[in-house]
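Novice:
Chains as they are written, first to last, in my numbering: chain P, 1 to 315; chain L, 1001 to 1222.
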């Protein structure tokens, strides 16, 4: 029993690591299709990672150890998060280590290290990106917490597997509060994953970039780890979204057949989610950076409304 | 949660949607999107009324749902669109308070409305009583919209959306008003919009703008 649970935990982590680049490739492909361009191959992110891992790293003279450590810390935090979020099964031994609040803390840890490393070299772009990242982050985090609290109020627990258990494996009910929370969560994940209304993942234009500005100084294996962890971040956010709002099909226990059945369902949901993301990105224009507080303020407000509606309607 | 029947869950969902749309209207900058949002709110209201009618077997509510659909989803938005085309005002930037502050005030209003509605809804014995708070909140949000907008057209849309909120309050608290009252209100709203449309032209002819701050002066020359 214990061994089976650990096996499902390991399987989930392995699938997260393997599928994260594919998800990014899929989103890029959909974006290209939607804007009438010929699409890059699905496997492009894998090839990019392999290329980066094979190169020799170049590090600035004045880089401190913090700069070298950061890619590993960020990657580790994202792996931890991938292990906590129930994407395949709810019987995860590792998930007991951290609940939804600690999950937000893990994302914050990664963010803080990224910002510190960006400022470490002392280039103008690095500190500019770091400042913008923290600016977005401090607005997005409370909204994310509120979304998770709404789901916790419904299920009476802040542990993600318990929330998914309540939402997926009990009698079907419509939760109006989750509709609000869903909109808020979409907005937060767009901001957190450096997607179009807030940041443009494809740009290298100095004045508009946020995430790219922070990682300019990295190369080779460090850059590969950073890129992989931002892919993992997108994957994690998609999985949190699926777990909170479309939890049907996530395996109950750690039975092998249920687990194997959950994999194609997860892939299908991710494919749909990736397409929706590409659609949102194609349809919306990038906001001016000082409009971002308004965008994220709306997300926070919707999340608070979700909690209020939950308290009023009791559902 | 499973004790609540499905139609009540659907009504709760639509009520939540109504509140969401009220907030979206509060945050909207463009007049044309504001009208679309108003039409969407009317649609949510019509569907909600039809569900209440089906659930409680009250045929007159079907009529009022149909009336809502005809008037608030099709006719009034069409009139407003025409007005805007004729007045040639597409953009709307001016407001007295900036959007995030407005939203925060909106949240406070929602909390206030929910608190206010709790004791009242305990007196009611309809299945939809829990949504009374949402109806009151959307009335107050529309009111806030009327206060914070400076131009005439958004104020009128705020007024119309307030009527939506009141209508929803009536449906959720008492399964709708008598048919005569509803017909009267519907005609009032229609005539009101027509008259206000005439007013828009008069205001613009007089002041070359739809900004209502010009109306605050009492004398022509100061």
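Note that the Cβ used here is the ideal one computed from N, Cα and C, for glycine as well.
(1) Determine, using beta carbons only, whether residue 142(P) comes closer than 8 Å to chain L.
(2) Which same chain residues end up closer than 8 Å to residue 225(P) when comparing Cβ atoms and leaving out the 5 residues on each side of it in sequence?
(3) Does DSSP classify residue 221(P) as helix, strand or coil?
(4) Report the residues of the stretch 1094-1128 of chain L with a CB closer than 7 Å to any CB of chain P, ordered along the chain.
(5) Would residue 193(P) and residue 232(P) qualify as a contact pair, given that the criterion is a beta-carbon distance under 8 Å?
(6) Determine the chain L residues that contact residue 180(P) at a beta-carbon separation under 7 Å, and present them in chain order.
(7) Tell me the rounded alpha-carbon separation between residue 1001(L) and residue 24(P).
(8) CB of residue 102(P) to nearest heavy atom of the ligand HEM: below 7 Å?
(9) Return the residue from the list 288(P), 64(P), 278(P), 145(P) that minimises the CA-CA distance to residue 36(P).
(10) Assign residue 1086(L) to one of three DSSP states: helix, strand, or coil.
(11) Using only CA atoms, which one of 138(P), 133(P), 313(P), 219(P) lies nearest to residue 55(P)?
(12) Could you have a look at residue 99(P) and say whether DSSP puts it in helix, strand or coil?
(13) Tell me which residues share the same chain as residue 1116(L) and place their Cβ nearer than 7 Å to its Cβ, disregarding the 5 neighbours each side in the sequence.
(14) For residue 1036(L), write down the residues that DSSP places opposite it in a beta bridge.
(15) How would you write the range of the alpha helix (DSSP H) that residue 1140(L) sits in, first residue to last?
(16) Any beta carbon of chain L sitting closer than 8 Å to that of residue 293(P)?
(17) Among 1202(L), 1059(L), 1163(L), which residue has its Cα nearest to the Cα of residue 1179(L)?
(18) Can you list, in chain order, the residues of its chain with a C-beta nearer than 6 Å to that of residue 18(P)? Leave out the 5 residues immediately preceding and following it.
(19) Could you tell me whether the Cβ atoms of residue 214(P) and residue 292(P) are closer together than 8 Å?
(20) Contact criterion: CB-CB distance below 8 Å. Does residue 1206(L) meet it with respect to chain P?
(21) Grouping DSSP H, G and I as helix and E and B as strand, with all else coil, what is residue 1072(L)?
(22) Does residue 1173(L) come out as helix, strand or coil in the three-state DSSP assignment?
(23) Does residue 1164(L) come within less than 8 Å of chain P when only Cβ atoms are used?
(24) Count the other CB atoms within 10 Å of the CB of residue 90(P); is the residue buried (16 or more) or exposed (fewer)?
(25) Quick one: which chain L residues come within Cβ less than 9 Å of residue 283(P)?
(26) Which residues of the stretch 235-257 of chain P have a Cβ closer than 7 Å to any Cβ of chain L? Give them in chain order.
(27) Would you say residue 1025(L) faces chain P, with C-beta separation under 8 Å as the test?
(28) Buried or exposed: where does residue 1216(L) fall if 16 or more other Cβ atoms within 10 Å of its Cβ makes it buried?
(29) My parser needs the beta strand (DSSP E) runs of 3 or more residues fully inside the stretch 70-127 of chain P; what are they?
(30) In three-state terms, what does DSSP make of residue 251(P)?
(31) Tell me which same chain residues have a C-beta within less than 6 Å of the C-beta of residue 1197(L), skipping the five on either side of it?
(32) Below 8 Å, can you find three or more Cβ-Cβ pairs linking the stretch 269-283 of chain P to the stretch 298-311 of chain P?
(33) I'd like to know whether the C-beta of residue 1135(L) is nearer than 8 Å to at least one C-beta of chain P.
(34) According to DSSP, which residues form a beta bridge with residue 1151(L)?
(35) Taking the beta carbon of residue 161(P) as the centre, do at least 16 other beta carbons fall within 10 Å, making it buried, or is it exposed?
Specialist: Let's see:
(1) No, its Cβ sits nowhere closer than 8 Å to a Cβ of chain L.
(2) Residues of the same chain with a CB within less than 8 Å of the CB of residue 225(P), apart from the 5 flanking positions on each side, are 71, 72, 74, 75 in chain order.
(3) Helix, per DSSP.
(4) Residues passing the 7 Å Cβ filter: 1099, 1100, 1103, 1107, 1110, 1111, 1114.
(5) Cβ atoms of residue 193(P) and residue 232(P): not closer than 8 Å.
(6) In chain order: 1016, 1020.
(7) Residue confidence for residue 1001(L) is low, a pLDDT of 42 falling below 50, so the modelled location carries little weight; the figure read from the coordinates is stated next. Residue 1001(L) and residue 24(P) have their alpha carbons spaced roughly 38 Å apart.
(8) The model on display carries no ligand, and the ligand HEM is accordingly not part of it.
(9) The candidate whose alpha carbon is nearest that of residue 36(P) is 278(P).
(10) In the structure shown, residue 1086(L) adopts helical secondary structure according to DSSP, grouped into three states.
(11) Comparing Cα positions, the closest option is 219(P).
(12) In the structure shown, residue 99(P) sits in coil (DSSP, three-state: anything other than H, G, I, E or B).
(13) Once the five neighbours on either side are set aside, the close Cβ partners of residue 1116(L) are 1136.
(14) According to DSSP, residue 1036(L) bridges with nothing at all.
(15) It spans 1132-1148 - the alpha helix (DSSP H) in which residue 1140(L) sits, taken as one unbroken run.
(16) The Cβ of residue 293(P) sits closer than 8 Å to at least one Cβ of chain L.
(17) Nearest Cα to residue 1179(L) within the set 1202(L), 1059(L), 1163(L): 1059(L).
(18) Within the same chain, residue 18(P) has no close Cβ partners at all.
(19) Not in contact: residue 214(P) and residue 292(P) (Cβ atoms no closer than 8 Å).
(20) No, residue 1206(L) does not count as interfacial toward chain P.
(21) It is helical.
(22) Looking at residue 1173(L) - three-state DSSP - the assignment turns out to be helix.
(23) False, the Cβ-Cβ gap to chain P never drops below 8 Å.
(24) Flag for residue 90(P) reads buried.
(25) Here the premise fails: no neighbours, minimum Cβ distance about 14 Å.
(26) Listed by position, the residues of the stretch 235-257 of chain P near chain L (Cβ gap below 7 Å) amount to none.
(27) By this cut-off, residue 1025(L) is not an interface position.
(28) That one is exposed.
(29) Whole beta strand (DSSP E) segments, 3+ residues: zero.
(30) Three-state result, residue 251(P): strand.
(31) Contacts found: 1083.
(32) No contact exists between the stretch 269-283 of chain P and the stretch 298-311 of chain P.
(33) Interface criterion not met: the Cβ of residue 1135(L) is under 8 Å from no Cβ in chain P.
(34) Checking the DSSP bridge columns, you'll see residue 1151(L) partnered with 1211(L).
(35) Label assigned to residue 161(P): buried.
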